[in-house]
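As structure tokens, the structure follows; a few thoughts come after it.
Number of protein chains: 2
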Amino acid sequence: MATDRVTILDVASRAGVAISSASAALNGRPGVSEETRERIRNAADDLGYVPSLRGRSLSSKRAFAVGLVVQRPTDVLAADPFFAAFIGGAESVLAEDGYALVLQMATTAEDALERHRRLAADRRVDGVFLNEIRIDDPRVSLLTELGMPAVGINPDPTDFPFPSVRQDHKPGITSLIDHLIELGHVNIAHVSGPSEFIHTRQRMDAWREALVARGVDPGPVIAGDFTYEGGERAADRLVSGDHPTAVFCANDLTAIGLMSRAQELGLTIPEDLSVAGFDGVRLGDYVRPTLTSLQTSPWLMGAKAATILLDQVAGMEPADITVEPAELHLGGSIGPARG
Amino acid sequence: MATDRVTILDVASRAGVAISSASAALNGRPGVSEETRERIRNAADDLGYVPSLRGRSLSSKRAFAVGLVVQRPTDVLAADPFFAAFIGGAESVLAEDGYALVLQMATTAEDALERHRRLAADRRVDGVFLNEIRIDDPRVSLLTELGMPAVGINPDPTDFPFPSVRQDHKPGITSLIDHLIELGHVNIAHVSGPSEFIHTRQRMDAWREALVARGVDPGPVIAGDFTYEGGERAADRLVSGDHPTAVFCANDLTAIGLMSRAQELGLTIPEDLSVAGFDGVRLGDYVRPTLTSLQTSPWLMGAKAATILLDQVAGMEPADITVEPAELHLGGSIGPARG
DNA sequence: GCGAGTAACCGAAACGTTTCGGTTCTGACA
DNA sequence: TGTCAGAACCGAAACGTTTCGGTTACTCGC
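Going down the list, the sequences are from chains E and D.
Quick note: the first sequence uses the numbering used here, first residue 1, plus one each step.
Quick note: the second sequence uses the numbering used here, first residue 340, plus one each step.
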């Protein structure tokens, strides 16, 4: 196999045509008769021709790759299964079009910006995924400046300049709250994510609105940070005197940390405190009691986002996509309110 | 910013030299006086010149990217923090050299092979990471055939044709077993991983050898599969009559599943059964009791593996690297053997 | 039997580097 | 003063595509 690469020149000369005809034929462009097109295809097959990504890339000014810059402390990322599933979904769509996924890890917000600048300067990718979007996220304006196509994952509904894929979390949160209220809970707290994230606000708003709609006063909001430790700290603050009987956490890691600490502090779950998470990561099945959570669809989101991104790279103006809302998955971590 | 790209031609003409001189100057090659080299550098800076990855790629026949094909069912991957940390470590080294990481997800072994073939045919990457190596792993011979540089992560010590990075697990497992024996355990079981993995055998051998060295008969071996469910099934088989007093699991997920099921079956941990895992995932700190485990170093392994891979791509023949052995982290899941 | 229109095909430039063989120039040495 | 080595620099090919303007030949209508 150490033979030199088969080029389109070889294919063309074997089929007895010009390079340009071979190119047109193999790429399904018009201007070639069906007969010679077939002849060229056969020549290519016979020779085992594989188009050179590098040649194509240089000539067509495309990278045939898209980027994903995740910005998380590695230990947090390691514990969060969202990305693995998201990447799996995205990759399954990208592979079909011969696109590859370039993955980068950034530790800080500034680092993430720098990564994007670099990806753009190198023309390393034709577009990027925009996850975990913040309020006034600097990446958005940077990418706009750079002219880099992008797709947003659950961005702010207003004023987002790129196409997006969304999953509505409100119905799921609403049914969770309804369920808790039916179980007799009237003091339902919320452990939020970091305030700068769009989805932090979305989840908190949904929690509050669902309560208000049922005429129940929203319980306390405790600022979390999507980590185990944040959940533990929330437990410390929650477990004092007249504490809530239920708590809705902004993600599963937080919920697991909270449960763990609450149990250490002598509470029984769900008898003393009902706990619900958000993500529906399999993690929740591995703790006791099993975690009640909202099951999101990271794989599907990844697949849809990739579809949108590829369409955009191809020059289309894809419409936003909304996938089925997150579903409530009941575990043993919630039960009737005390007393 | 919609101006045309600054090319090396622009730099050369601004500095009043030929393209070849500009190229040599910017790449630190000899044949350019220090004076003109400086002039060329200034010209490049003034113009904001960024070398075209595509041009370089076509001309130098390098991709400036390396690949990682992970082969896991997505839900298993999602729960396994190894890869996130590994990728973070690898990426930190790659970025310094302007290399990118192409990540692919394969669902089956055949799919993984196909991905590698595709990466090679497209010349998409200059080398690949080889993780989770199996006995007679078909990827090894494929990559050898394809002439694709690779680096092995904990491969079989004998007969592996690529450089590798290793972390010795034996000392950690030995001290775990020693610790259990000191606690009075004489019947210590093992829940293994799937038999085809090299590291499954490595861990089992270390367990057995440590026991034999202390004159203790190895307890039963139960075949697991690195999943939570596998741990549950192992618990079902273990908890009958005269069961072992301690069990060493091939990974943390298995250990957590086993603990959870054992508790459901009425056992108290560690009083009735001591449990130890392997990986040191954060989740282990959030189950009750907390999990005793061996802490591996995925981030460091990723960084070292990337270093080796880049050296290899650069034409060197890097030596194998061995990082500090995995360390034992004690949790509440092990205790004295029942009287 | 002639002009126009069109389908099929060709040739060459362009993409932006690296690399290699060749030319010029300087200074040292005999 | 002529020779020669070596440093500095240049020009052009090569990498493998895509694309665009141009040529040929054929058909159709009159």
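In this text, a Cβ means the ideal position worked out from N, Cα and C, and glycines have one as well.
Within the segment 246-262 of chain E, contact with chain D at the beta-carbon level (separation under 7 Å) is assigned to 256, 257, 260. Boundaries of the beta strand (DSSP E) harbouring residue 322(E): 321-323, taken from the DSSP string. If you look at residue 82(E), you'll find it in the alpha helix (DSSP H) that goes 82-96. If the five residues before and after residue 306(E) are omitted, its C-beta is found closer than 6 Å to the C-beta atoms of 90, 93, 94, all from its own chain and listed in chain order. In the three-state reduction of the DSSP assignment, residue 377(D) falls in the helix class, which pools H, G and I. When C-alpha distances from residue 5(E) are compared across 345(D), 491(D), 459(D), 521(D), the shortest belongs to 459(D).
Interface with chain E (8 Å Cβ-Cβ cutoff): residue 605(D) is excluded.
The C-beta of residue 430(D) comes closer than 8 Å to at least one C-beta of chain E. Flagged as an interface residue toward chain E: residue 444(D), by a C-beta distance shorter than 8 Å. For residue 355(D), no chain E residue has a C-beta closer than 9 Å to its own C-beta; the minimum C-beta separation is roughly 26 Å.
Contact with chain E is found for residue 461(D), since one of that chain's Cβ atoms lies less than 8 Å from the residue's Cβ. Here DSSP, grouped into helix, strand and coil, assigns residue 119(E) to helix. Under the 10 Å beta carbon count, residue 212(E) is surrounded by fewer than 16 other beta carbons and is classified as exposed.
From the listed residues 253(E), 246(E), 250(E), 279(E), the smallest Cα separation to residue 268(E) is found for 246(E).
Residue 45(E) carries a helical assignment under DSSP once its states are collapsed to helix, strand and coil. Residues of the segment 659-677 of chain D with a C-beta atom less than 8 Å from some C-beta of chain E do not occur. Under the 8 Å criterion on CB atoms, residue 405(D) is classed as non-interfacial with respect to chain E.
For residue 490(D), the closest Cβ of chain E is not nearer than 8 Å. Residue 562(D) is positioned such that its CB atom lies no closer than 8 Å to that of residue 593(D).
For residue 276(E), the nearest beta carbon of chain D is not closer than 8 Å to its own beta carbon. Counting along the chain, residue 402(D) sits inside no beta strand (DSSP E), nor does DSSP assign it H or E at all.
Residue 384(D) and residue 402(D) have their C-alpha atoms some 25 Å from each other.
Within the segment 634-647 of chain D, 638 place their CB atoms closer than 7 Å to a CB of chain E, listed in sequence order. Residues are counted here when their Cβ sits less than 8 Å from a Cβ of chain D; for the segment 165-191 of chain E the count is zero. For residue 444(D), no alpha helix (DSSP H) segment is defined; the enclosing uninterrupted segment is the beta strand (DSSP E) at 439-445. CA-to-CA, the gap between residue 256(E) and residue 364(D) works out to about 57 Å.
Contact with chain D is absent for residue 269(E), since none of that chain's Cβ atoms lies less than 8 Å from the residue's Cβ. For the C-beta of residue 133(E), not a single chain D residue is nearer than 7 Å; the gap to the nearest is close to 20 Å. Counting C-beta pairs closer than 8 Å gives fewer than three between the segment 104-111 of chain E and the segment 465-477 of chain D, which falls short of the contact rule.
Within the DSSP bridge table, the entry for residue 666(D) names 634(D) as partners.
Using a C-beta cut-off of 8 Å, the segment 529-538 of chain D makes contact with the segment 486-502 of chain D, since at least three inter-stretch Cβ pairs fall below that distance. Counting C-beta pairs closer than 8 Å gives three or more between the segment 619-634 of chain D and the segment 667-677 of chain D, which meets the contact rule. The beta carbon of residue 168(E) sits closer than 7 Å to the beta carbons of 322, 325 from its chain, once the five residues preceding and following it are set aside; these are given in chain order.
Annotation: residue 356(D) to residue 117(E) spans about 29 Å, alpha carbon to alpha carbon.
Within the segment 505-534 of chain D, the complete alpha helix (DSSP H) runs of at least 4 residues fall at 509-521. Within 9 Å of the CB of residue 627(D), the CB atoms of chain E belong to 260, 263, 264, 287, 288, in sequence order along the chain.
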